Each structure stands twice: as C-alpha cells, then as structure tokens.
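Okay, structure first, notes after.
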Amino acid sequence: MSSITHASTVAPERLEYITLSSTSLSQSLAVIAEKFGVGYVASPSLIKEVMSPAISGRFTLETVLQKVLDGTGLTFSITSSGVVIRRAESIIDQSVIEEINVNGIRGSLNLSRQEKRNEKQVTDVIVAQDISRYPDRNLAESMQRIPGMSITREAGEGRQVVLRGLDPDFTLVTINGMPVLSNNDSPMDSRTQRDRDRSFDLNLFTSELFNQIKVFKSYSVGQPSGGVAGIAALTTAKPFDSPGLHWNISHQIDTNQYAEGLSNRSSFTLSSTNQHWGMLISAAYGQRSYQEQGANTFRWRLLAPEGADVSALEPELVDAWQDQEIRVPRGNRYSVWRGDMDRLGIGATIEYQTEPSHFTIDWIYGRLDSQRQENHLYPRGFQSTPIIEGKTFLTDAEVNSKNELVYADYRNARVGTESRHQEVSTQFQQTVLNFEHRLSSNLVFDGVLGMQSARYRMPQSIRAYMRGESDVSIDYRGDYYFPDIKYSAGLTQPDMWQMNELDSEQFISTSDFTYVKGQIQVNASHRSSWELGLEFVQFENTAKYTDIQNILKERWSSTRESVPQSTAYVFDSHQHLNWLALRPEQVFTFYNKPSSVDSLLLSYAPDRVIDNLIKEKRTSFFTQYSVEGGDWTFDAGLRAEHDASSVSVFQSSLINRYDLSNIAFLPSIQFNYRKGEQVVKVGMSRTIGHQELDTLTRNIQLIEDENVFILSNDRLKPISAYNLDLSFEAYPGETDRYSANIFGKWIKNSLASTSQRLLLSDVASDYPELFSSDFERVYVDVVTPTNQSTYFLYGVEGSAQLEWSLGDYMSRFNVFHFGIVANASYTFGNVQYYNTNTGERLDKKTAPYLSPLLANLTAYLEGYALSLRLSATYRDEYIARVDGGTLVDENETGFLSTLYMDAVVAYQISDSVELRIEATNLTDEREIQYSDSSYRPYNTTVSGRNYSLAISYRY
434 MSSITHASTV APERLEYITL SSTSLSQSLA VIAEKFGVGY VASPSLIKEV
484 MSPAISGRFT LETVLQKVLD GTGLTFSITS SGVVIRRAES IIDQSVIEEI
534 NVNGIRGSLN LSRQEKRNEK QVTDVIVAQD ISRYPDRNLA ESMQRIPGMS
584 ITREAGEGRQ VVLRGLDPDF TLVTINGMPV LSNNDSPMDS RTQRDRDRSF
634 DLNLFTSELF NQIKVFKSYS VGQPSGGVAG IAALTTAKPF DSPGLHWNIS
684 HQIDTNQYAE GLSNRSSFTL SSTNQHWGML ISAAYGQRSY QEQGANTFRW
734 RLLAPEGADV SALEPELVDA WQDQEIRVPR GNRYSVWRGD MDRLGIGATI
784 EYQTEPSHFT IDWIYGRLDS QRQENHLYPR GFQSTPIIEG KTFLTDAEVN
834 SKNELVYADY RNARVGTESR HQEVSTQFQQ TVLNFEHRLS SNLVFDGVLG
884 MQSARYRMPQ SIRAYMRGES DVSIDYRGDY YFPDIKYSAG LTQPDMWQMN
934 ELDSEQFIST SDFTYVKGQI QVNASHRSSW ELGLEFVQFE NTAKYTDIQN
984 ILKERWSSTR ESVPQSTAYV FDSHQHLNWL ALRPEQVFTF YNKPSSVDSL
1034 LLSYAPDRVI DNLIKEKRTS FFTQYSVEGG DWTFDAGLRA EHDASSVSVF
1084 QSSLINRYDL SNIAFLPSIQ FNYRKGEQVV KVGMSRTIGH QELDTLTRNI
1134 QLIEDENVFI LSNDRLKPIS AYNLDLSFEA YPGETDRYSA NIFGKWIKNS
1184 LASTSQRLLL SDVASDYPEL FSSDFERVYV DVVTPTNQST YFLYGVEGSA
1234 QLEWSLGDYM SRFNVFHFGI VANASYTFGN VQYYNTNTGE RLDKKTAPYL
1284 SPLLANLTAY LEGYALSLRL SATYRDEYIA RVDGGTLVDE NETGFLSTLY
1334 MDAVVAYQIS DSVELRIEAT NLTDEREIQY SDSSYRPYNT TVSGRNYSLA
1384 ISYRY
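FYI, my numbering numbers position 815 of the sequence shown as 1248, with every residue one higher than the one before it.
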C-alpha cells in the first residue's frame, strides 16, 4: 500500500487552485493530496503506468478527483481518514483505510517531502506538524535543521539564521508574502549588544503561530530582492487549512539547570469555516527565566608589567614581559547573564474563497520583553590587569609555548565588580492582504498589500561598579577556555569593597515597511503562461543611542565611599564563586541620581550619542515566462529595480545627509526535469543585498592620533550575487527521500574600507566643526566604505530521509516505524578583510559567519500512540567579525564548533490529547568565543540543560 501525507477531514466546499500537466496518476494524486492536506491510499498495481489528463482551475477535492480519474476505470471514496483509490467495482476494505491515517513525525516528514518535491525552485520546507514535533522554543531553532542553515544563539536559544555561510543580513525573511524586519539584541558586549541590522531576529516568535517555513535557496524574479543568501518565507495558519470548527490548547512547563523557578508557555488556536468564509485566531504566551554563565577576558594584549614588583619571577620571563613579548589576559572575569523574558504572539486571519476569488487578511503581533541582570567579578587595575601601580607584586608566573601568560599569582591586586540592570522590549505588528482573482480561464490577477511596524527599546540600562583589593591567582593551565580564578579576600564582605562609578544608557530603534505587489498571469495555453508584475517597497529605520559614563567616579576616586549595605546582596549564581553585588536601581536612588538618561543629561554630558534616519524606496517591474512539457518545466524572467535611499546622521556638531540611488536588472532561470521518482532542478539568477544599516549611518569621525578621517560614501551600490544552483532529488518508496545540491555564488560589491591621502585643507574646509585650529597636519587619510571586495562562495548540501517498518523484522512491533533524517553541508569561501578605521588591507580568510561544515541527524521511533525522537545539530567554527578597533589585540574573533543534542518523548493519550516530555541542550554545550586566529580564550558560556513537560488538546 502507498500512503502519502497527513490525513484530515476536508470540507466539501473547499476550493483549491490546481494546475496539472498530463503526467502519471501517482504524481497527480500526490499533488492533490498535498494541496488538500489529506492522505490517499492505492495499490501500486492499480495506478502503475496510468496517466492522468492535464487540468487547470479551482476545484473541490471531489471534482478534481473525478477529473484525474476520468477514463481510468478507477474510482474513489472520501472518508474521515482520507481518500481511497480503487477499481469501480471494488468494496472498501476498512483495514486499508486505517493505514492512511499518517500523522505525527512520519506525517510531518511526508508533508515536507511533498512540498519540497513540488517546488520549482531549490527549496527546503518545514510544515506545522514538524515545527511542533521538535523541542524548539522559537522559529530560529526550527530552521537549524535545514541543510546549509545555522543559527546564532542568545540566552540559551536561537536568534538569527545564517544561510549558506552568509551574514544574517543577507537572508531575507518574509511573513505571509511580505518582507519584514525586527531586531532585538544580545545581552553581551562581546556579541555586539545593540547591534542594528537587516536580519530578522526570530526569537521574537514562538513556533506555534506558524504552519509552514519555506527556505528558497534559488531565486525567482517574482520574489522581493534582498536575499543574497536566500529567502525564509514564513506562513501563518489559515482557516481553510482545516475546514470546519477546530480548536486546540496546549501548556508547557520548563526548568533550566541554572535558572531559578519554572518557565511556562501556553498556546491556543480557534478556527472556523462556513461555506466561503473562514476565521482563525491564535495566541501564544510564554514566561521564561534563563541564565548564561561563564568566564571571559578583555582579550590578550602585549603589555609590560608597569608598576608591579616582578623581582620574584625568573629573569628570562621578566625580560620578555618588560619587552612586551608576552600576551597578558585582561579583565579575567567570572560572569553571569540572567533574565526573565515575557513573549507574546497573537495572530488573526480572515479568509474568503469562491471558485474565481480567494483572499486572506492576516494580522500578527509579537512582543518580547526582558528584565536582564548582569554580574561580573574581575581584576580591574592597570590596563584591566590586576596591577595596582606601586603596590602589586607577583610571586609566580608561567607562559606557554605561544608566549601567553597562562598563570600568574598577584599580591595586593585590584579587583572589581560590575552589576547591570536592563529593561528591553521588542514589539512587532504586521497586517497583510493577499488576494487572487481569476478574471477568466486564462487570466489571473493576484497581489499583496501590507504594512509592518517594529520597535526595539532599551529605555534603561544602568550599571554600578565597586572596587577592592585582594590577592588574585589566574590559571589557564587546567582549562584553557575556563580559567581557575582565586581570591584571598572575603568577596561577600561589604567592608572589602568601596564604590567606583555609575553608568547609564538608553537605545531605541524602529523599522517600518509598506509593501505593495500586484501581478497578472496570462495562460497562453495549458502548457505555457506569462507573468507581469509591479512591486513597491517603502522602508524607514531610525536609531537613537545615548551613553553617560563615570557618574560620581571623580568623587569616589579621591575619597573612599563605603558600599551602602541596603543596596548590596550576596550573589551566588555562578558555579565557581560567590561575591557581593549591587542592585543598580537602589544605588541610583540612594545617591539621589536619576537612572534615566533624559534626566541625567541635565547634569552630565554624554560620552557617546547616535542619532540617525534611513529612508528607502524600491520600485520593481518583473516579467516571467513559464512553459512545461510532459516531464519538464522551464521558467525565465527579468526584474528591473530602482532603489533610492536617503540617509541622515545627526551629530552634536553637524548633520550629515546624503542620497543613494541604483538601478539593477535581476534575471532568473529555473529548469526542472522529472523522471519517475527523480527530480533535477537547475537555477541561475542574479540577486542583490542592501548595505548594512550601521555602515550607512556611521558617524563622521576624526581619529587624531592616527591622522584618520572617516567619511560616508554616497556612491555605494548594493551587494550583488550571481548564483548557480543544481539539485538532484529522489523520492523512492513511501517516505524515503534523497537530495544533493551544488551551489555557487559570485559575490560582487562587498564592502571594504579604503583609504585615500588628501590635503588637509581640502577636507577641513567642508567640516570645520571637526578640525580644531591646533590640528596641524599637511595631509589626512580619508577612510570611506567602498564597493571593492569580490569573492566566490560555493558548496555542497545533502539530505536523506530513510524509514523502516519494525514489523518487517519482528511481527510484534508491526505498528512501529524507525526512521533517520540526516542533513549536511560543506561550504567554501574566503574574503579579503580591511581595517574599518584605517582602510589598511588585512588578511584573506573565511567569510564572516561561514561555518564550513554543518550537520544534523535525527532518529525517531513512532507507533500509533508513542513516538521518540533524538536529534543532534553540529556547527563548525566560524569568524564573527574583524574589528578595526581591536586589532591591537586580535586579528579576528569567532566561535568554536558546537554540538547540541535534544530529545522528545510523546504519547497520544487519545485522539485529542497528547503528552510530551522534552529535553534540550542535553550536554550543556559550551559556547566558546575565541580571540585571534590563534584561538585565545575570549568568552566561554554555558546556558544549562532544559527539561519540559507539555500537554495539548485538539478538537
């Protein structure tokens, strides 16, 4: 018997638009089953070598089956479990009908399998059932199992997606057919806190609000631009996905190895249809406590032990240290980042469909609020080492073969603490109308109209610092990436500490989209069609940041200020040490200082200010011709796009405004060849990606010590990629699948900072506000971002899905199936790096975020009621960035490889009730961020194992 897709009841009036060429009956039935979300069963001997006619139009399930079976001598029956294909004179065998009710893990994999097969483009698909079958807290984690896709992690969960080794900025995310953008941030400075980019932070939403994720790896001209890496198309659930009245509710409780208390997550969906109309409402709400803890440094620097007594050390070591030949770890911290997150998602859909028309109105709202606490204990003396000049002496020290100071024992050393409190909030809202109307049998008009608004706010981020003295030993010899740091003093005693300084900062970023798309499809014949379309995108982004530092530092430097005990407490959340910490809100109140930046600006000058605005408009025209034969399809199109941008950067002494304009022609070709169970797909295209927001809005800056003047560039062009995709897919049997992709991307116009030496008089005359009269130079090096770098990215991707019935080996286990799903990719690509501050040419090395090897393996065992799943996800090491501001310490920073393991046990108590036990991060994996290509320790954290219990009810 052959069973395809997940079975569900289909309303008799439900209409779907279906176009089928004259092909095998098995392929036509597979398309119909996928469109209506039902299962079908038929004896292979009945449908073998049977052909079905070409059809096109909107049909009910009954009418489309009548058309494809007409003249075959076969008939069908639609049951509550699915469709049974049989000879006209046959009687339905109830035992056969039971076989088609494929659900759970197997059902979800079959749906994804069928969707992938039917797409003309090189695509990977995750459907609703598969999203829910993994222990994923958000959409990013659901997508990490796609070949060639990896994720970045924050607070122990996924945040952004990286496709084919390209920066997250270059994966375009759409929701319900419309491009979207929403940022939150990392609580860690080493992971670029307050980063603003074009990527969509997918930890904003839980997975329950979405019923499908499609990742398009090849490009078609009817899709919006911006996805140099690809397009992640997210779709929310629709009422007619499951006609009739349905509702489900679920609740989950979680516990984390390090966090305090329990986390909770609940979701609810109500859907109803009535002839032509349908409505769906869904909501998901979760409260989660998290904690990341670890050890980190301020990087390693060539320093002399200035002010320290090193007479007790070996003379050879002292000479090398005095000559600055030894790398010294700075700011050796034990750190904890913890917080409480509230995540809310609400969706509503109205759907209408008749034979000629179909439209949906989707509204989705997301909010992610966090109260974050951050605590650090670390040496805080000369150059962030433990040295107090004229007071500290060393009793012992050791360097390794790389001339790194891996052990040192300091006496009378400086230590300090940092306590930070942050309030952060991201809000997202989108309304989008999708419509399709068949004007005649040969003419279809469809379109999208949408608006999106997103706000990221950090209204308060305040820090309180203490300092003290203690003997300190720092030892990297036992665990290179997690040093053993010991203090002699009583770190929890208030009399050891004194106040040092207070800081306050705030940040807000907004993103707004307006999107309009309309296209007409003209069917020249049942085998060919033309598409003509127009698209308009309006985008606006703002960012405002203010930082005030060193509040009360001058006063506390000259006199000893005891720690107010009412504001202090013993911090005991780190696995290695306890220490005294501060509650920053209470400290500000105790000293009668407002914590808000707006109020502090009345008394203190800001240390850093960012204020800018970007407005973009894109207008596109596209056309595409499609033709198909008996076993092939061919699509060719061209997109013409005009981009116009306006950038405004507001600085204290000047306003920098400039405009950008570009016209691009983006062709695409897609060719598919299908022979039996094998499919070959070829895609060729050109795509563009828009420049990073922070690059466009960088402040004009004079770096006097280096005689460098940093300017913007009003001639920047979008990044361009010429793409080739070749995919081989095979679908043998009922559930098995194999695929292999080969891809190449020739990236042009990638950004590089370049330097040009100009006469100071030619530059200073345009910016008199930045050049003082005592700046006496003849020349100045002007550094600007330019479209200079070109590189080639290429790789291979493979996936396999295999399943065996245990009944073939042991009859008593005939209800169980064992399966394996494996994905792997290997990507190559080197890029030339430049110093962003000076324009100096640096090394050529692996592109940022590119992990050469990615792999995922899932094994499952499933019966009628019980299912087990174990998955492992591996990500190779990668470079995160080359920062011009830290080249004195490192030539790159990045992350070492990781292996995350998850497990799920699910039991179907009844047709409506399911119980699930989940475990994630089973190995408490370390996230190791390294400093320099020599892999020196930078920031090592663990986020703990997670265990959860969930129950759901479906009606």
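Idealized CB from N, CA, C, for every residue including glycine. Just so it is clear, the structure is predicted and the values come from calculations on it, not from any experiment.
Here the alpha carbon of Arg-546 sits roughly 28 Å from the alpha carbon of Ser-632.
Cβ neighbours of Arg-550 within its own chain (closer than 7 Å, five residues either side excluded): Val-1112, Glu-1162 and Tyr-1164. When secondary structure is reduced to three states using DSSP, Phe-1204 falls in the coil class, being assigned neither helix nor strand.
Burial check for Arg-578: the Cβ neighbour count within 10 Å reaches 16 or more, so the residue is buried. The beta carbon of Asp-1092 lies closer than 6 Å to those of Ser-1079 in the same chain, with the five residues before and after it left out.
In chain order, Val-769, Ser-852, Phe-1004 and Ala-1014 place their CB closer than 6 Å to the CB of Asn-808, counting only its own chain and leaving out the 5 sequence neighbours on each side. Contact between the region 1347-1363 and the region 812-830 is absent, with fewer than three C-beta pairs closer than 8 Å.
When DSSP states are grouped into helix, strand and coil, Phe-868 belongs to the strand group. In the three-state reduction of the DSSP assignment, Phe-1021 falls in the helix class, which pools H, G and I. Out of Ala-1336, Ser-575 and Asp-936, the CA that lies nearest to the CA of Glu-1018 is found in Asp-936. Straight across, the Cα-Cα distance linking Tyr-1106 with Val-654 is about 20 Å. The residue among Gln-862, Ala-1313 and Arg-871 with its C-alpha nearest the C-alpha of Ser-944 is Gln-862. Excluding residues up to 5 positions away in sequence, Tyr-785 lie with their Cβ nearer than 6 Å to the Cβ of Trp-710 in the same chain. Rounded to the nearest angstrom, the Cβ distance from Val-877 to Glu-869 is 7 Å, consistent with a contact under 8 Å.
Partner residues in the beta bridge of Val-595, as assigned by DSSP, are Ser-583. Bounds of the alpha helix (DSSP H) holding Val-1030 are 1030-1033. The region 662-673 and the region 603-621 touch, with three or more beta-carbon pairs separated by less than 8 Å. Distance from the Cα of Thr-556 is smallest, within the candidate group Lys-650, Phe-972 and Asn-636, for Lys-650. In this structure, Val-1215 and Val-1196 form a Cβ contact; the two beta carbons are roughly 6 Å apart against a cut-off of 8 Å.
Leaving aside the five residues that flank Ser-803 on each side, the residues in its chain whose CB is nearer than 6 Å to its CB run, in chain order, Gly-772, Met-774 and Val-857. Tyr-948 and Pro-612 do touch by the CB rule: their CB atoms are close to 6 Å apart, below 8 Å.
Boundaries of the beta strand (DSSP E) harbouring Met-1117: 1111-1122, taken from the DSSP string.
Contact check for Ser-1186 against Tyr-1155 fails: the beta carbons are separated by 9 Å or more. Look at Ile-1253 here: in three-state DSSP terms it is strand. Under the DSSP assignment, Ser-990 falls outside any beta strand (DSSP E), being part of the alpha helix (DSSP H) whose first and last residues are 986-991. The count of Cβ pairs closer than 8 Å, one atom from the region 1054-1071 and one from the region 450-460, reaches three, so the stretches are in contact. Gly-849 sits away from Tyr-909, with the two beta carbons spaced by 9 Å or more. Judged by their CB atoms, Glu-1230 and Pro-580 are nearer to each other than the 9 Å cut-off. Here Val-517 is buried: its Cβ has 16 or more other Cβ atoms, across all protein chains shown, within 10 Å. If the five residues before and after Gly-1272 are omitted, its C-beta is found closer than 6 Å to the C-beta atoms of Ser-1186, Thr-1187, Ser-1188 and Val-1216, all from its own chain and listed in chain order. A contact between stretches requires three or more CB pairs, one per stretch, nearer than 8 Å, and the region 1021-1031 fails this requirement with the region 968-977. Non-local beta-carbon contacts of Thr-1000 in its own chain, meaning distances under 6 Å to residues more than five positions away in sequence, involve Leu-1015, Arg-1016, Gln-1019, Val-1020 and Phe-1023 in chain order. The beta carbons of Asn-1354 and Asn-1379 sit closer together than 9 Å. For Ala-957, the uninterrupted beta strand (DSSP E) segment begins and ends at 930-958. The bridge partners DSSP lists for Pro-762 are Trp-733. Rounded to the nearest angstrom, the Cβ distance from Asn-1263 to Ala-1288 is 22 Å, too far for a contact under 8 Å.
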